[in-house]
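Colleague: Below is one structure. I have some questions about it.
Residue numbers (the working numbering): 448 to 971.
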């Protein structure tokens, strides 16, 4: 007697077939980004349904724009998103780790090794190598400017930018040092305090940083000063206008004199409001709401620069940068509510007007202005900046760094092979596969540099066996070199997060032995 548990049209994969399908789908995502690794990594051109083009080698951008449908492949996309959210960099590394671990698991399955044994071996390897890396990492702090520039430069170097990575790296370091705060003895870096403005035109090398705020506004009146030194800044979340009544009302005006008296009274109210502002000592006003034309005239006459309809988010950053309070009422205005800045100036970029607020005492807000010849270049530059900021934040959070260029991976692989020998049972086979996955990073870098992959791995292993650490793949020169001396360093947290994300995702994929898909094909 036939018993139907699932409705007609459902698809089901069991056991080995389910695992093979899941691994193949997940590896396809890993392979899609693998060739983008490193300063000579290749780019991907992504075209969406509307025909919009994105050219990038940023791992998380690629997987976000891929229309992935397979559930196992979606898990790989989650790895990239988690990595980007947690540390802001290393998404390609995490996907390469995961892809190679799945490939190793498939080899072990064919040798009749049970998935639970593979998972156990992988978890043991990940925990061991994490501890090993933490114990052997170098320490840094916020004052180690040269090392911080190296970290940001390495992160930026992988992007498609024909510019000195050190220049962009310096922008990232200046931004992070500007917004960094010590809270309860811990360094806190909020990347939201770094504003990024993109303007097409000029060269990438023209990109600059302003320690303070740049807002896309202009002064509201042509007679207002365009540059104010030693600015006393007032932030208002209230309109400089005559208030309308909350309920409907009518004013009956029967003669021209009454009309004039009404207008005169309205003008007097606005003039008094401006006089109240002037008494505080303010010479710059940023208003979140409207400013009446008459009020604009009196402000200009008083030599006060003003901007209106400023975004709430910009007002909060202005408050943080200048130490001014955002006031919700015109009552009880005082000089104590004012903020300070060395210079407030209206500037023009690519035909648009901006107001820059700079030379603040302790701004805690930074603005990076990105320039470039095309939108694609500026977009990729923005991704590079965000990666750089993420790397620096991660490095300073743990205060530890490791050597890049595949040096830390080749050393970790040799350590795992020693660890595998000490383990009993079949788990050591999984640990050795984990070591192979670590080696896939220097292998990929060598491949992108046009080097012989086998010779590169053999020589790197030889250096490690001789106790020579820090040797990795110098992609730009196409040879093996001491990468620490070459200033190629990376945050330890990025590596550890990549290992954790990859191992956990692989663990989840390997535990699946039954896929039930409600495709319901063939139904009308």
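C-beta atoms are modelled at their ideal positions from N, C-alpha and C, and glycine is treated no differently. Here the structure is a predicted model, which is why all the values come from computation and not from measurement.
Residue 765 and residue 733 - do their beta-carbons sit closer together than 7 Å?
Modeller: On the chain shown, position 286 is the one that residue 733 refers to. On the chain shown, position 318 is the one that residue 765 refers to. Their beta carbons are under 7 Å apart, which means residue 733 touches residue 765 by this criterion.
Colleague: From which residue to which residue does the beta strand (DSSP E) around residue 744 run?
Modeller: Taking the first residue of the chain shown as position 1, residue 744 is located at position 297. Looking at the DSSP string, residue 744 is not in any beta strand (DSSP E); the run it does join, the alpha helix (DSSP H), is 740-748.
Colleague: Note down, one range per segment and in chain order, each beta strand (DSSP E) of at least 3 residues found wholly within the stretch 859-921.
Modeller: The stretch 859-921 contains these whole beta strand (DSSP E) runs: 918-921.
Colleague: Three Cβ pairs or more, each shorter than 8 Å: is that satisfied between the stretch 905-924 and the stretch 848-868?
Modeller: Touching, yes.
Colleague: Suppose you measure from the CA of residue 703 to the CA of residue 819; what does that come to, to the nearest Å?
Modeller: By 1-based counting over the chain shown, the position of residue 703 is 256. By 1-based counting over the chain shown, the position of residue 819 is 372. The straight-line gap from Cα to Cα measures roughly 59 Å.
Colleague: Please report how far the alpha carbon of residue 949 lies from the alpha carbon of residue 538, in whole angstroms.
Modeller: Position 502 of the chain shown, counted from the first residue, corresponds to residue 949. Position 91 of the chain shown, counted from the first residue, corresponds to residue 538. Approximately 10 Å between the Cα atoms of the pair.
Colleague: According to DSSP, is residue 938 helix, strand or coil?
Modeller: Here residue 938 is taken as the residue at index 491 of the chain shown, counted from 1. Strand.
Colleague: If you compare alpha carbons, which of 501, 582, 731 and 545 is closest to residue 887?
Modeller: Residue numbering aside, residue 887 sits at position 440 when the chain shown is read from its first letter. Ranking the options by Cα distance to residue 887, first place goes to 545.
Colleague: When the distance is taken between beta carbons, is residue 519 closer than 7 Å to residue 472?
Modeller: In the chain shown, the residue the question calls residue 472 occupies position 25. In the chain shown, the residue the question calls residue 519 occupies position 72. A contact, by the Cβ cut-off of 7 Å.
Colleague: Comparing alpha-carbon positions, which option in 637, 559, 556 and 731 lies nearest residue 535?
Modeller: For the purposes of this step, residue 535 is taken as the residue at position 88 of the chain shown. Of 637, 559, 556 and 731, the residue nearest in Cα terms is 637.
Colleague: Check whether the stretch 631-648 and the stretch 664-682 touch, using three or more Cβ-Cβ pairs below 8 Å as the test.
Modeller: Output reads no: the stretch 664-682 does not touch the stretch 631-648.
Colleague: Please state whether DSSP places residue 679 in a helix, a strand or coil.
Modeller: Position 232 of the chain shown, counting from 1, holds the residue named residue 679. Note: residue 679 maps to strand in three-state DSSP.
Colleague: In three-state terms, what does DSSP make of residue 472?
Modeller: Stepping through the chain shown from its first residue, residue 472 is reached at position 25. Note: residue 472 maps to helix in three-state DSSP.
Colleague: Kindly give me the distance between the Cβ atoms of residue 883 and residue 551, rounded to whole angstroms, as I take these residues to be in contact under 8 Å.
Modeller: Here residue 883 refers to the residue found at position 436 of the chain shown. Here residue 551 refers to the residue found at position 104 of the chain shown. That belief holds up - the Cβ atoms of residue 883 and residue 551 are roughly 6 Å apart, short of 8 Å.
Colleague: I need the straight-line Cα distance from residue 826 to residue 483, nearest angstrom please.
Modeller: For the purposes of this step, residue 826 is taken as the residue at position 379 of the chain shown. For the purposes of this step, residue 483 is taken as the residue at position 36 of the chain shown. Cα to Cα, the separation comes out at about 17 Å.
Colleague: Where residue 485 and residue 774 are concerned, what is the direct C-alpha to C-alpha distance, given to the nearest angstrom?
Modeller: Here residue 485 is taken as the residue at index 38 of the chain shown, counted from 1. Here residue 774 is taken as the residue at index 327 of the chain shown, counted from 1. Their Cα atoms are separated by approximately 49 Å.
Colleague: Near residue 781, which residues of its chain fall below 8 Å by C-beta distance, leaving aside the five closest residues on each side in sequence?
Modeller: Counted from its first residue, the chain shown places residue 781 at position 334. Same-chain partners within the cutoff: 727.
Colleague: First and last residue of the beta strand (DSSP E) that includes residue 635?
Modeller: Walking along the chain shown from the start, residue 635 turns up at place 188. Segment 633-635, the beta strand (DSSP E) holding residue 635.
Colleague: Given a threshold of 16 other Cβ atoms within 10 Å of its Cβ, counted over all protein chains shown, does residue 669 qualify as buried or as exposed?
Modeller: The sequence position of residue 669 within the chain shown is 222, counting from 1. With fewer than 16 other Cβ atoms within 10 Å, it is exposed.
Colleague: If you scan the stretch 468-531 from start to end, which runs of the alpha helix (DSSP H) of 4 or more residues do you find wholly inside it?
Modeller: Here the runs fully enclosed are 506-512.
Colleague: Would residue 622 and residue 656 be called neighbours here (beta carbons separated by less than 7 Å)?
Modeller: Walking along the chain shown from the start, residue 622 turns up at place 175. Walking along the chain shown from the start, residue 656 turns up at place 209. Result yes, Cβ atoms of residue 622 and residue 656 sit closer than 7 Å.
Colleague: Can you tell which of 859, 568, 875 and 587 has the C-alpha that lies nearest to the C-alpha of residue 942?
Modeller: The residue you call residue 942 lines up with position 495 of the chain shown. Checking every option, the nearest Cα to that of residue 942 belongs to 859.
Colleague: Have a look at 583, 588, 476 and 601 and flag the residue whose alpha-carbon is nearest the alpha-carbon of residue 916.
Modeller: Position 469 of the chain shown, counting from 1, holds the residue named residue 916. Nearest option by C-alpha distance: 583.
Colleague: Keeping to the same chain, check which residues put their C-beta closer than 7 Å to that of residue 894; ignore five residues upstream and five downstream.
Modeller: Here the question's residue 894 lines up with position 447 in the chain shown. Taken in chain order, the residues that qualify are 900.
Colleague: Excluding the 5 residues preceding and the 5 following residue 955 in the sequence, name in chain order all residues of the same chain whose CB lies nearer than 8 Å to its CB.
Modeller: For this step, residue 955 is matched to residue 508 along the chain shown. Answer for residue 955: 522, listed in chain order.
Colleague: Return the CA-CA distance between residue 770 and residue 635, expressed in angstroms with no decimal places.
Modeller: Walking along the chain shown from the start, residue 770 turns up at place 323. Walking along the chain shown from the start, residue 635 turns up at place 188. Straight-line Cα distance between these residues: approximately 19 Å.
Colleague: From this set, 898, 890, 877 and 945, which residue's C-alpha is nearest residue 554's C-alpha?
Modeller: As a position in the chain shown, residue 554 is number 107, starting the count at 1. Looking at the Cα atoms, 877 is the closest of the given residues.
Colleague: Would residue 980 pass as a contact of residue 470 if the rule is Cβ separation under 7 Å?
Modeller: Limits of the chain in this structure are 448 at one end and 971 at the other, which puts residue 980 out of reach.
Colleague: Between residue 857 and residue 919, what straight-line distance do the alpha-carbon atoms span, to the nearest angstrom?
Modeller: Taking the first residue of the chain shown as position 1, residue 857 is located at position 410. Taking the first residue of the chain shown as position 1, residue 919 is located at position 472. About 8 Å.
Colleague: Looking at C-alpha atoms only, which residue of 872, 889 and 867 is the closest neighbour of residue 880?
Modeller: To locate residue 880, count along the chain shown from 1; it is residue 433. For the residues 872, 889 and 867, the minimum Cα distance to residue 880 belongs to 867.
Colleague: Would you kindly check if the distance between the Cβ of residue 664 and the Cβ of residue 502 is under 7 Å?
Modeller: Counted from its first residue, the chain shown places residue 502 at position 55. Counted from its first residue, the chain shown places residue 664 at position 217. Not closer than 7 Å, so no.
Colleague: By DSSP, does residue 833 sit in helix, in strand, or in coil?
Modeller: On the chain shown, position 386 is the one that residue 833 refers to. Helix.
Colleague: Residues in its own chain within less than 7 Å of residue 613 by CB, not counting five upstream and five downstream?
Modeller: For this step, residue 613 is matched to residue 166 along the chain shown. Excluding residues within five positions, the ones whose Cβ falls inside 7 Å are 596 and 600.
Colleague: How about residue 846 and residue 586: do their beta carbons lie closer than 7 Å?
Modeller: Taking the chain shown and counting its residues from 1, the one referred to as residue 846 is at position 399. Taking the chain shown and counting its residues from 1, the one referred to as residue 586 is at position 139. Their beta carbons are under 7 Å apart, which means residue 846 touches residue 586 by this criterion.
Colleague: Rounding to the nearest angstrom, what Cα-Cα distance links residue 516 and residue 647 in this structure?
Modeller: Stepping through the chain shown from its first residue, residue 516 is reached at position 69. Stepping through the chain shown from its first residue, residue 647 is reached at position 200. Going from the Cα of residue 516 to the Cα of residue 647 covers about 35 Å.
Colleague: Using the Cα positions of residue 438 and residue 524, report the straight-line distance between them to the nearest angstrom.
Modeller: Since the first residue of the chain shown is 448 and the last is 971, residue 438 is not available in this structure.
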